[in-house]
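Engineer: Each residue of the sequence shown is one higher than the one before, counting from -1 in my numbering.
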Amino acid sequence: MLPPESDIHQFFCRQLLNIYPYQLERIWQRVVYSGQGEAPESINTAQAMQDIIGQTPGAIGYLPAPEKINKNIRMIAIGEPL
-1 MLPPESDIHQ FFCRQLLNIY PYQLERIWQR VVYSGQGEAP ESINTAQAMQ DIIGQTPGAI
59 GYLPAPEKIN KNIRMIAIGE PL
């Protein structure tokens, strides 16, 4: 997950999940505190997100439409590119 103040995270939450970033944070807090799961790892930049997704089997993340994508990543385009 990118930082809550990131434009990409804001877009992901508001346009694709139809919730505010603080609502997503509360959902993850509830999951963690109830013992039902772990919160996603926080990643500082879109490039770091792409690198981690490419190196971690089964990883899922969200990115703006990149000009060059790591060959180890399968991309699914959703909505309008940022």
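Idealized CB from N, CA, C, for every residue including glycine.
With H, G and I counted as helix, E and B as strand and the rest as coil, what does DSSP make of A44?
Structural biologist: Correct three-state label for A44: helix.
Engineer: Applying the criterion that 16 or more other CB atoms from any shown protein chain within 10 Å of the CB defines a buried residue, is P19 buried or exposed?
Structural biologist: Looking at its Cβ environment, which holds 16 or more other Cβ atoms inside 10 Å, P19 is buried.
Engineer: In three-state DSSP terms, what is Y51?
Structural biologist: According to the sequence displayed, residue 51 carries Ile and not Tyr. I51: helix per DSSP, three-state reduction.
Engineer: In terms of residues, what are the limits of the alpha helix (DSSP H) holding E23?
Structural biologist: Taken as a continuous stretch (DSSP letters only), the alpha helix (DSSP H) holding E23 covers 19 to 31.
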